[in-house]
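Protein chains in written order, with the numbering used here: chain A, 1 to 325; chain B, 326 to 498. Cβ atoms here follow ideal geometry from the backbone N, Cα and C, with glycine treated the same way. Following: one structure in structure tokens, then a few remarks.
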């Protein structure tokens, strides 16, 4: 018994270290991809200086951010200002615990895995509010207000679209949801829910075309205007990790998780399929960001409340009836 | 076995401390924003206690609803009211001490009544754990009326919010 507990503790420690390391590596990859893809979409070479095709640029950027001074504005609320980046970082690390990368590669399979992710990621909004209010800056405040309004609104169609899938699988366990898709992936059965989820996830991650909280041209950078050095980079890490979490949920619920044609990597092929799907979705998000202009705020809200929520509700109703038949 | 017990005990007291100090921060601080965040910490501690008692679903719902929605709504309300520099200058505190006292005493008495009336069942002899199917069934069978009444309250709140937000006749946007 004692050794079992020790083994479990060791396993938890190792997995937490791996998860945090993954968040950093993910930010490196995504930062590079985003800058490179945006450059190619705009017909310019992008990063070229550091390393072949600028591949080491993000490492240098990371060192620069670590070395920078942390400045707290004079009239800011010191405690909130300092706590906000930390609070925004924690909730995006935790969901990675329940994501099933392959049949075995998962830190912990909760009964309520999906709810766990949704509950924890709602804390992110609190961090944005703290940052926005604590900075004592008009732009930050506006950014935070927009962020909260859009996050809370788009959470509703997102949850409703996920619920439609849950009705079909009868389980909240992430591993269970993947296993239920052995025959057919749910984006074929639930195309409306998939579409609604993808659109809502753009709003949830504050990505273009719904990036109003950090609109550079009007709000400078929204809620993290006043942050420097690691304060800023924690927000960035959180944003990219949040993108990964959102795309993994889409992968798990709609794209069949680790299912796929067997690859010649033995037990690793499940994890490889998972990463291919998740990163494919993330590249899609980058693609959309550099293709479409930003929406106006009233358009954003109207679209959510007048189109997405009714569609999601009807979809849920139809699914419930069909499941019961 | 000993190590396992130590860890669970430590977790229990950590959650208790979270609840206690969060609550203390919520009532003692002079800055309204800090008070709400203290409340959020306290509610997170309560979620931890649910988790400790073996009901992860309730814990998740506690975080999702109380921390993720209620606290954010309160913060949102405060945020548009004051800036940090304003708070430092003026020190906004409660003015209705009597009403605050009255309501807290009433809530305390209510909790006391509830505590004294409950029959505490040791966890070993409890029949069903508070799992998801159990909760769902009891909400839709045993406590169906209460459940529906709460939804009516929510509906009234939503309608009220819409009526308030509409403003006067003729205003359009």
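Residue i, buried or exposed, once every other Cβ within 10 Å from all chains shown has been counted against 16
i: residue 467 of chain B; result: exposed
i: residue 116 of chain A; result: buried
i: residue 498 of chain B; result: With a pLDDT of only 49 at residue 498 of chain B, under 50, the local geometry of the prediction cannot be trusted, and no value is derived from it.
i: residue 476 of chain B; result: exposed
i: residue 242 of chain A; result: buried
i: residue 292 of chain A; result: exposed
i: residue 316 of chain A; result: buried
i: residue 3 of chain A; result: exposed
i: residue 443 of chain B; result: exposed
i: residue 234 of chain A; result: buried
i: residue 251 of chain A; result: buried
i: residue 289 of chain A; result: buried
i: residue 426 of chain B; result: exposed
i: residue 302 of chain A; result: exposed
i: residue 385 of chain B; result: buried
i: residue 307 of chain A; result: exposed
i: residue 462 of chain B; result: exposed
i: residue 287 of chain A; result: exposed
i: residue 132 of chain A; result: buried
i: residue 324 of chain A; result: exposed
i: residue 478 of chain B; result: exposed
i: residue 333 of chain B; result: exposed
i: residue 374 of chain B; result: buried
i: residue 482 of chain B; result: exposed
i: residue 74 of chain A; result: exposed
i: residue 170 of chain A; result: exposed
i: residue 281 of chain A; result: buried
i: residue 77 of chain A; result: buried
i: residue 371 of chain B; result: buried
i: residue 486 of chain B; result: exposed
i: residue 14 of chain A; result: exposed
Partners in chain B for residue i, counting only beta-carbon separations shorter than 7 angstroms
i: residue 5 of chain A; result: 328, 329
i: residue 148 of chain A; result: 397, 401
i: residue 174 of chain A; result: Within chain B, no residue comes near residue 174 of chain A; the closest Cβ sits about 14 angstroms away, beyond 7 angstroms.
Endpoints, the alpha helix (DSSP H) within which residue i is located
i: residue 390 of chain B; result: Looking at the DSSP string, residue 390 of chain B is not in any alpha helix (DSSP H), and its letter there is neither H nor E.
i: residue 124 of chain A; result: 123 to 134
i: residue 442 of chain B; result: 422 to 442
i: residue 338 of chain B; result: 327 to 353
i: residue 289 of chain A; result: 269 to 289
i: residue 459 of chain B; result: 457 to 465
i: residue 63 of chain A; result: 57 to 67
i: residue 338 of chain A; result: Here chain A comprises residues numbered 1 to 325, so residue 338 of chain A is not present and cannot be evaluated.
i: residue 3 of chain A; result: 2 to 41
i: residue 326 of chain A; result: It is not possible to answer for residue 326 of chain A, since the shown part of chain A is limited to 1 through 325.
i: residue 50 of chain A; result: Looking at the DSSP string, residue 50 of chain A is not in any alpha helix (DSSP H), and its letter there is neither H nor E.
i: residue 151 of chain A; result: 138 to 169
i: residue 491 of chain B; result: 469 to 491
i: residue 179 of chain A; result: 174 to 179
i: residue 366 of chain B; result: 357 to 377
i: residue 402 of chain B; result: 397 to 404
i: residue 297 of chain A; result: 297 to 302
Chain-ordered neighbours of residue i on chain A, where CB pairs are closer than 8 angstroms
i: residue 393 of chain B; result: 119, 122, 123, 125, 126
Residue i: contacting residues in chain B (beta-carbon distance under 9 angstroms)
i: residue 403 of chain A; result: The structure shown does not extend to residue 403 of chain A, since chain A is modelled only from 1 through 325, so no value can be given for it.
i: residue 58 of chain A; result: Correct list: empty, because the minimum Cβ distance to chain B is about 32 angstroms.
Per-residue contacts from residue i into chain B (C-beta, under 8 angstroms)
i: residue 115 of chain A; result: 382, 385, 386, 389
i: residue 112 of chain A; result: 381, 382, 385, 457
i: residue 48 of chain A; result: Chain B residues near residue 48 of chain A: none, gap ~43 angstroms exceeds 8 angstroms.
9 angstroms Cβ cut-off: residues of chain A touching residue i
i: residue 365 of chain B; result: 123, 126
i: residue 378 of chain B; result: Neighbours of residue 378 of chain B on chain A: none; closest Cβ ~15 angstroms, over 9 angstroms.
i: residue 536 of chain B; result: There is no way to answer for residue 536 of chain B, as the model of chain B reaches only from 326 to 498.
beta-carbon residue i near the ligand ZN non-hydrogen atom, thresh 7 angstroms
i: residue 386 of chain B; result: Annotation note on the ligand ZN: not contained in the displayed structure, which lists no ligands.
Interface residues of chain A facing residue i [CB-CB closer than 7 angstroms]
i: residue 426 of chain B; result: Here the premise fails: no neighbours, minimum Cβ distance about 28 angstroms.
### Message
If we require 4 or more residues per run, which alpha helix (DSSP H) segments fall completely within the segment 73 to 118 of chain A?
### Response
You should have 78 to 93.
> Would you say the segment 255 to 262 of chain A touches the segment 100 to 111 of chain A, given that touching needs at least three Cβ pairs under 8 angstroms?
Replying inline: Result yes; three or more Cβ-Cβ pairs closer than 8 angstroms.
query: Is there contact here, the segment 53 to 70 of chain A with the segment 216 to 236 of chain A, by at least three beta-carbon pairs under 8 angstroms?
result: A contact exists between the segment 53 to 70 of chain A and the segment 216 to 236 of chain A.
With a threshold of 8 angstroms, are at least 3 pairs of Cβ atoms found where one atom belongs to the segment 356 to 370 of chain B and the other to the segment 197 to 217 of chain A?
The segment 356 to 370 of chain B is not in contact with the segment 197 to 217 of chain A.
* Contact between the segment 144 to 155 of chain A and the segment 418 to 436 of chain B: three or more CB pairs below 8 angstroms? -> In short, these stretches do not touch, since the Cβ pair count stays below three.
| request: Starting from the N-terminal side, write out each stretch of the alpha helix (DSSP H) that is 4 residues or longer and does not extend beyond the segment 190 to 229 of chain A. | output: Complete alpha helix (DSSP H) runs here, min 4: 191 to 204, 216 to 219.
Taking 8 angstroms as the threshold, find out whether the segment 218 to 227 of chain A comes into contact with the segment 137 to 145 of chain A through three or more Cβ pairs.
-> With three or more CB-CB distances shorter than 8 angstroms, the segment 218 to 227 of chain A counts as touching the segment 137 to 145 of chain A.
Using a Cβ-Cβ cutoff of 8 angstroms, what residues of the segment 72 to 95 of chain A are near chain C? List them in chain order. Looking for chain C here will not work: the only protein chains present are A and B.
Checklist entry - Pairing CB atoms from the segment 297 to 315 of chain A with CB atoms from the segment 191 to 198 of chain A, are three or more of them under 8 angstroms? => result Contact between the segment 297 to 315 of chain A and the segment 191 to 198 of chain A is present, because at least three Cβ pairs lie under 8 angstroms.
task = Would you be able to state if there are at least three C-beta pairs under 8 angstroms between the segment 164 to 184 of chain A and the segment 110 to 124 of chain A?
result = They touch, by the three-pair rule.
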